[in-house]
Structures are given as structure tokens and as C-alpha cells.
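Student:
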Amino acid sequence: MHLCNAYTLALADRVPELHDILGSAPLNLPDGQPVVWANQLLNRGTPLPATRVYGPGLLLDVFSLTQNTDLRHYLLGSTPQVLGRLHRELRRLFPEALVVGASSPPFRSLTEQEVRNQQEEIRSVDADIVWVGLGTPKQDYWAADLCATLPVVSVAVGAAFDFIAGTKRQAPPWMQRHGLEWFFRLGSEPRRLWRRYLFGNARFVSGVIRQATHLARVNISERSRHPMA
Numbered sequence: 029m030h031l032c033n034a035y036t037l038a039l040a041d042r043v044p045e046l047h048d049i050l051g052s053a054p055l056n057l058p059d060g061q062p063v064v065w066a067n068q069l070l071n072r073g074t075p076l077p078a079t080r081v082y083g084p085g086l087l088l089d090v091f092s093l094t095q096n097t098d099l100r101h102y103l104l105g106s107t108p109q110v111l112g113r114l115h116r117e118l119r120r121l122f123p124e125a126l127v128v129g130a131s132s133p134p135f136r137s138l139t140e141q142e143v144r145n146q147q148e149e150i151r152s153v154d155a156d157i158v159w160v161g162l163g164t165p166k167q168d169y170w171a172a173d174l175c176a177t178l179p180v181v182s183v184a185v186g187a188a189f190d191f192i193a194g195t196k197r198q199a200p201p202w203m204q205r206h207g208l209e210w211f212f213r214l215g216s217e218p219r220r221l222w223r224r225y226l227f228g229n230a231r232f233v234s235g236v237i238r239q240a241t242h243l244a245r246v247n248i249s250e251r252s253r254h255p256m257a
């Protein structure tokens, strides 16, 4: 499962491997209000949700719903410090939820043996859901590989680990509702995120316009072949 914001889709527009991963995923959810709006624009006439699926909200909701059940959670990503704070916060909020493991892989590319070791660890604790917070597109590749290799549901949740752990500030609700979360995050981390939002947002808008234009041409062509009597 992948939570897709505008940057994810802009990246998939130019990276065939990511495009194929999202295309073959069992479920992609819009983690960004601009994605919701674009989906509504491109699928007019189809009833669609008017709000996004927010990564931190999804994680917290699933933890809440699975308290006092046998469902087993595994946390994969971020730094050891963030994971520690995240784990403590989840235990505080959901004391009856089962977190059976957590791992912070190195930021470099892993060797094949390291990947196998990571997968074996997840298998050994019999995890049911693996929450992957490694950043786009790395988390999407990992989530897809885990689903293909292990009997787990893997969910790529972006910066949810940092937000729930309290190591990064979330945009105010009004900015999230109006599609301005990117602006808030850019202001919080300009040196790290300026290129992502400058080029990513432009490519996302360009892609939406390109698809809308294509759909309009198809509709015109259909109407010309089948004029109303």
C-alpha cells in the first residue's frame, strides 16, 4: 500500500520503475489534498472522496482499531532516536497494541545479504503489518519488495514516524485542508526540500494538465463519432 502525494506522482512520471510499482500495487491512496483535487478533475462524474488519507492519521487509526487483537505491527525506517520516541508514543496511546519489532536501516544502499537479514527479522517476529517510513521513493521500493517476499501488508507512510514522534512539526489543519502543507514543510526545511517542491510540484501540475487535455480530446473524438440525434 502506498500513500501518494504530488511529489510521489511527479517522480513516478519520470521514473519508470516507480511508475510500475505504483501501477501494480494493490492499493494507492491520496496522501495530499492536491492529489484529491486532481483525481476529481480527471474523473468528473465519478463519486470520489473529498479528503485525503493522511499517513499519520492512517497509522494511528489502524493502531487504535487493532488494540486487543492479535494483529502484529513492525516499524521500519527513520533513525534509532525517532523510532524510540515513536515506539514510546504508540505505547502511551495504544498500550494494548502489539508492536513486535522496529528497525532503522542505514541510509546507504543495503547489500543483498542485509536485505535478506531484514526480511528474515520481520518474518521471525511474525509481523502482519510493516509500516515503512523511509521517504519517497525508497519506502515505495521497500514496501513493494516486502509484499512480494513476505506474507505481510506493508504501508509506505512517508514522514508519519517523525510527526507522531514529535520530531517534526505538522502543518496546521487549515493549511492541510487547503493543499498548503507543502508550503509549510518548505518553510520548515527549505534547504532539504526546495528542489523537491520546485520541480516536483511543477511536474505534477504539468502531468495533470497533460492528462486533462488528453481526456478532453478523447471526449471530443467520441462525441464526433457518436453525435446526438
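With this note's numbering as the guide, the letters of the sequence shown map in order to residues 29 to 257.
For each residue, glycine too, the CB sits at the ideal point set by N, CA and C.
1) Write down the C-beta distance between residue 105 and residue 189 rounded to the nearest angstrom, noting that I regard them as a contact closer than 8 Å.
2) Could you compute how far the alpha carbon of residue 34 sits from the alpha carbon of residue 41?
3) Would the beta-carbon of residue 30 fall within 8 Å of that of residue 53?
4) So, at 7 Å on beta carbons, what are the nonlocal neighbours of residue 178 in its own chain, with the 5 sequence-adjacent residues on each side left out?
5) What does the alpha-carbon distance come out to for the pair residue 87 and residue 174?
6) Apart from the five residues on each side of it in sequence, which residues of its chain come closer than 6 Å, Cβ to Cβ, to residue 212?
7) Can you tell me the Cβ-Cβ gap for residue 103 and residue 127, rounded? I've got them flagged as a contact below 8 Å.
8) Helix, strand or coil, according to DSSP, for residue 5 in the structure here?
9) May I have the straight-line CA-CA distance separating residue 77 from residue 229, to the nearest angstrom?
10) Counting only runs of 3+ residues fully inside the segment 150 to 230, write out the beta strand (DSSP E) ranges in chain order.
11) Which residue marks the beginning of the alpha helix (DSSP H) containing residue 38, and which one marks its end?
12) Looking at the unbroken beta strand (DSSP E) that takes in residue 131, where does it start and where does it end?
13) Check each candidate in 125, 110, 112 and name the one with the smallest Cα separation from residue 100.
14) Could you pull the start and end residues of the beta strand (DSSP E) that residue 105 belongs to?
15) Provide the residue(s) that pair with residue 31 in DSSP beta bridges, ordered along the chain.
16) Would residue 176 and residue 160 be called neighbours here (beta carbons separated by less than 8 Å)?
17) Please state if the CB of residue 235 and the CB of residue 37 are separated by a distance shorter than 8 Å.
18) State the DSSP-derived secondary structure class of residue 93, mapped to helix, strand or coil.
19) Quick check: the Cα distance between residue 80 and residue 72, rounded to an integer number of angstroms?
20) Measuring only the C-alpha atoms, how far is residue 155 from residue 95?
21) For residue 122, count neighbouring C-beta atoms within 10 Å of its own C-beta (all shown protein chains included) and say buried if the count is 16 or more, exposed if not.
22) What's the C-alpha gap between residue 144 and residue 209?
Tutor: With the structure as the only source:
1) 6 Å
2) 11 Å
3) yes
4) 147, 150, 151
5) 18 Å
6) 199, 203
7) 7 Å
8) As displayed, the chain neither begins before 29 nor continues past 257, which places residue 5 out of reach and without an answer.
9) 22 Å
10) 157 to 161, 181 to 184
11) 34 to 40
12) 126 to 131
13) 125
14) 100 to 105
15) 57
16) no
17) yes
18) helix
19) 17 Å
20) 15 Å
21) buried
22) 36 Å
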